[in-house]
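Report on the following structure.
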Amino acid sequence: MTGLVIHDTLSNSRKQLLIDEKIRIYLCGVTVYDDAHIGHARTIVIFDTLRRFLEANGNDVDLIQNFTDVDDKIIKKASDTATSTDSVSKKYIENYFEEFDALNIKRAVEYPKATEHIPDMISLISDLITKKIAYTAKNGVYFSVSKFSEYGKLSKKNIEELESGSRIEVDESKNNPLDFALWKFSDSSPVWDSPWGSGRPGWHIECSAMSIKYLGENFDIHGGGRDLIFPHHENEIAQSESFTGKPFAKIWMHAGMITINGEKMSKSLGNVKTVRHVLENWGPNIIRLFSLSGHYSKPIDYTEELLKENLVKWRQLETCYYELRLADGIGGLDSISSDILNSKQKFDAAIENDFNTPLALTEFFNMIKIINGLAAEEKITKDITGMAMPILEYMLDVLGLKLIKATDDEIKSVFELIGKREECRKNKQFEEADTIRDKISDMGIHLIDHKEKTLWMKKEEIKADT
RNA sequence: GGUGACGUGGCAGAGCGGUUAUGCGUGAGCCUGCAAAGCUUAUCUAAAGGGGUUCGACUCCCUUCGUCACCUCCA
Numbered sequence: 005m006t007g008l009v010i011h012d013t014l015s016n017s018r019k020q021l022l023i024d025e026k027i028r029i030y031l032c033g034v035t036v037y038d039d040a041h042i043g044h045a046r047t048i049v050i051f052d053t054l055r056r057f058l059e060a061n062g063n064d065v066d067l068i069q070n071f072t073d074v075d076d077k078i079i080k081k082a083s084d085t086a087t088s089t090d091s092v093s094k095k096y097i098e099n100y101f102e103e104f105d106a107l108n109i110k111r112a113v114e115y116p117k118a119t120e121h122i123p124d125m126i127s128l129i130s131d132l133i134t135k136k137i138a139y140t141a142k143n144g145v146y147f148s149v150s151k152f153s154e155y156g157k158l159s160k161k162n163i164e165e166l167e168s169g170s171r172i173e174v175d176e177s178k179n180n181p182l183d184f185a186l187w188k189f190s191d192s193s194p195v196w197d198s199p200w201g202s203g204r205p206g207w208h209i210e211c212s213a214m215s216i217k218y219l220g221e222n223f224d225i226h227g228g229g230r231d232l233i234f235p236h237h238e239n240e241i242a243q244s245e246s247f248t249g250k251p252f253a254k255i256w257m258h259a260g261m262i263t264i265n266g267e268k269m270s271k272s273l274g275n276v277k278t279v280r281h282v283l284e285n286w287g288p289n290i291i292r293l294f295s296l297s298g299h300y301s302k303p304i305d306y307t308e309e310l311l312k313e314n315l316v317k318w319r320q321l322e323t324c325y326y327e328l329r330l331a332d333g334i335g336g337l338d339s340i341s342s343d344i345l346n347s348k349q350k351f352d353a354a355i356e357n358d359f360n361t362p363l364a365l366t367e368f369f370n371m372i373k374i375i376n377g378l379a380a381e382e383k384i385t386k387d388i389t390g391m392a393m394p395i396l397e398y399m400l401d402v403l404g405l406k407l408i409k410a411t412d413d414e415i416k417s418v419f420e421l422i423g424k425r426e427e428c429r430k431n432k433q434f435e436e437a438d439t440i441r442d443k444i445s446d447m448g449i450h451l452i453d454h455k456e457k458t459l460w461m462k463k464e465e466i467k468a469d470t
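Just remember that the numbering used here sits 4 ahead of the position in the first sequence, which is counted from 1.
Written out as structure tokens, the structure reads:
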């Protein structure tokens with residue numbers, strides 16, 4: 005495969021993802037100075053799902069995601085909390101992995117850190133200075149925007165308008181207010197030596213240096229949140245293309261923001277929901293479903309209603325999985341196999357069509373409805389499980405969803421208790437039967453009484469508080 | 001002010017120049033000893049307003065209004 009088509013921000017058109025032996029993706033990660041929030045989670049879930057889809061279909065994916073671990077905000081946090089910048093970034097990187105592992109995000113191939121790539125940045129900057137595209141001024145080394153004629157091509161801005169509308173405090177030492185820092189002079193920690201004086205790198209240069217280092221000069225997809233289009237990605241293009249003389253990323257893919265009451269989640273508005281908080285209250289699966297419930301390019305409003313809707317769907321999915329898994333009926337496949345194959349085909353087609361996950365989820369849950377409908381009639385057979393389960397598991401894998409599995413001990417005791425309960429029910433000892441049911445329920449296991457038999461499923465505990 | 005995007009039924013949310021998207025919610029029912037879960041069925045026939053183009057527009061063009069994002073660190 006594949007026929008994957010993605011909307012490219014730069015050309016403002018849909019582009020086919022061309023596949024050589026490897027698909028190389030660079031995702032702009034987080035600045036590690038504070039807790040990650042649900043907005044970070046959505047962007048990362050989107051790219052994780054894209055990567056999972058490609059891999060599930062037999063492609064080799066090189067996904068690189070950086071950590072920005074040198075930044076003014078980290079410095080501020082360190083001084084506010086009387087620690088070092090290292091310990092600040094270390095702490096939040098640890099938190100990051102804890103939370104995003106819990107979210108079932110596949111680890112990137114590499115998580116390069118800015119602080120570990122200073123020499124790469126310095127050589128890139130040196131080259132730009134040699135080419136007279138960058139210059140040294142009082143406060144640092146700057147990229148001269150006027151030397152890159154295509155500046156603004158990503159964000160569709162033109163330089164004159166930017167200059168007139170600029171709200172940046174004008175730094176008189178710069179040639180042009182739009183010029184951005186490649187290297188900032190400083191004597192206080194964190195600080196590195198450079199040919200131009202001690203200091204630290206500007207923000208944008210790390211992504212140019214690290215993406216080129218790990219993925220080459222021209223790679224497949226460069227991703228991040230929409231809010232990075234300007235200035236971050238615009239500047240990356242300017243630096244990288246000036247450096248290599250080649251087009252940078254082939255496809256620029258940008259994820260929409262999470263909003264609250266229609267407004268972007270941000271610190272200044274005080275409407276931030278941390279990943280940790282949402283994980284505690286809704287768990288990883290609901291977050292993933294929620295994150296994919298709208299098209300990746302559009303905003304999603306964080307509301308209890310939407311979360312609850314996804315919780316309802318999650319419960320249907322749990323039922324479906326256990327109905328399939330515990331099926332022991334004998335019989336044929338009926339027409340269901342073509343329905344299920346159809347769902348799989350539509351699911352893939354939706355994702356290939358500019359990563360249309362809301363449509364893919366519709367197909368996914370449509371398939372679940374078909375299976376659950378059959379289950380309600382007690383018509384699930386081993387043969388049906390044999391054909392449907394691999395497809396269900398494929399979709400679960402692509403979506404990064406993970407069902408809670410019961411331990412062997414739990415399964416053993418559940419079987420015993422179900423047997424006992426059946427006895428009680430036969431003897432019309434309903435109080436005892438209900439007591440046993442409560443006991444099973446305390447184990448997080450839910451019983452499904454069919455006509456002929458009782459099924460069980462281990463349900464994920466979800467508090468469902470926003 | 002500039003740039004970009006968007007405005008679909010109570011809510012969420014796709015596609016498409018001419019066929020019911022779909023889901024949630026809500027009503028009724030089935031199953032059950034009772035529940036839960038699940039299922040079945042019904043329900044809303046929606047496209048911000050105004051102009052065009054067209055045999056025909058939710059889908060294309062123009063315009064008014066509205067919303068959001070970016071222009072400053074930001075996923």
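We put the beta carbon where it would ideally sit given N, CA and C, even for glycine. The structure displayed is predicted, hence computed values, not measured ones.
*What residue does the alpha helix (DSSP H) around G228 start on, and which one ends it?*
No alpha helix (DSSP H) holds G228; the beta strand (DSSP E) holding it covers 225–229.
_Judging by CA-CA distance, which residue of D224, R319, A106, I42 is the nearest neighbour of K19?_
D224
_Per-residue DSSP class, three states only, for V195_ = coil
*Inter-residue CB distance, F184 and S246 (contact presumed, cutoff 8 Å)*: At roughly 13 Å, the Cβ-Cβ gap does not stay under 8 Å, so F184 and S246 are not in contact.
*Could you give the residue range of the beta strand (DSSP E) that holds Y139?*
138–140
*Which residues in the same chain have their Cβ closer than 7 Å to the Cβ of I466, if we skip the five residues on either side of it in sequence?*
W286, G287, I290, L315
*Reduced DSSP secondary structure (H/G/I, E/B, other) of S17*: strand
*At what residues does the alpha helix (DSSP H) containing Y218 begin and finish?*
207–219
*Start and end of the alpha helix (DSSP H) containing L459?*
It is not in any alpha helix (DSSP H) - L459 instead sits in the beta strand (DSSP E) that spans 458–462.
*Tell me which same chain residues have a C-beta within less than 6 Å of the C-beta of E436, skipping the five on either side of it?*
C428
_Under the three-state DSSP convention, the category W200 falls into_ = coil
*asked:* Using CA atoms only, rank isn't needed, just tell me which of E176, A253, R204 is closest to S212.
replied: A253
*So does the segment 72–79 actually touch the segment 108–121, counting three or more Cβ pairs closer than 8 Å?*
yes
*By the 10 Å Cβ neighbour count, where 16 or more other Cβ atoms means buried, how is G274 classified, buried or exposed?*
exposed
*asked:* Below 8 Å on the Cβ atoms is my contact criterion, and I expect I255 with L21 to pass it. Report the Cβ-Cβ distance as a whole number of Å.
replied: 7 Å
*Have a look at the DSSP bridge pairing and note the partners of W256.*
H226
*Grab me the residues of N376's own chain with a C-beta within less than 8 Å of its C-beta, minus the 5 sequence neighbours each way, in chain order.*
Q320, T323, C324, E327
_What does the alpha-carbon distance come out to for the pair A364 and S342?_
17 Å
*Count the C-beta pairs between the segment 54–61 and the segment 155–170 that are closer than 8 Å, then say yes if the count reaches three, no if not.*
no
*Could you pull the start and end residues of the beta strand (DSSP E) that L58 belongs to?*
No beta strand (DSSP E) holds L58; the alpha helix (DSSP H) holding it covers 42–60.
*So, is P194 buried or exposed, given that buried needs 16 or more other C-beta atoms within 10 angstroms?*
buried
*Quick one: give me the first and last residue of the beta strand (DSSP E) that G144 is part of.*
144–147
*For the segment 323–407, list the beta strand (DSSP E) runs that are entirely contained and at least 3 residues long, ordered along the chain.*
none
*What is the C-beta distance between E267 and L8, in whole angstroms, given that I count them as a contact (C-beta under 8 Å)?*
Rounded, the Cβ-Cβ distance is 32 Å, inconsistent with contact.
*asked:* Short of 6 Å in beta carbon distance, which residues of its chain neighbour F419, apart from the five on each side in sequence? Order them along the chain.
replied: none
*Which same chain residues, not among the five before or five after I340, have their C-beta less than 7 Å away from its C-beta?*
I374, L378, I388
_Would I344 and A392 qualify as a contact pair, given that the criterion is a beta-carbon distance under 7 Å?_
yes
*Helix, strand or coil for V9 per DSSP?*
strand
_Here's the rule I'm using: 16 or more other beta-carbon atoms within 10 Å means buried, otherwise exposed. How should E238 be labelled?_
buried
*Among M257, D442, R46, V145, which has the Cα closest to the Cα of F104?*
R46
_Measuring straight from C-alpha to C-alpha, what distance separates M461 and I449?_
5 Å
_Quick check: K277 and H41, are their CB atoms within less than 7 Å of each other?_
yes
*What's the gap between the Cα of T53 and the Cα of T439?*
42 Å
*Between the C-alpha atoms of I334 and D412, what's the straight-line distance to the nearest angstrom?*
25 Å
*asked:* So, under 8 Å CB-CB, G228 and F189 are touching, yes? Tell me the CB distance rounded to an integer number of Å.
replied: Contact flag wrong, Cβ pair sits at about 28 Å.
*Run of the beta strand (DSSP E) containing R28, from where it starts to where it stops*: 27–35
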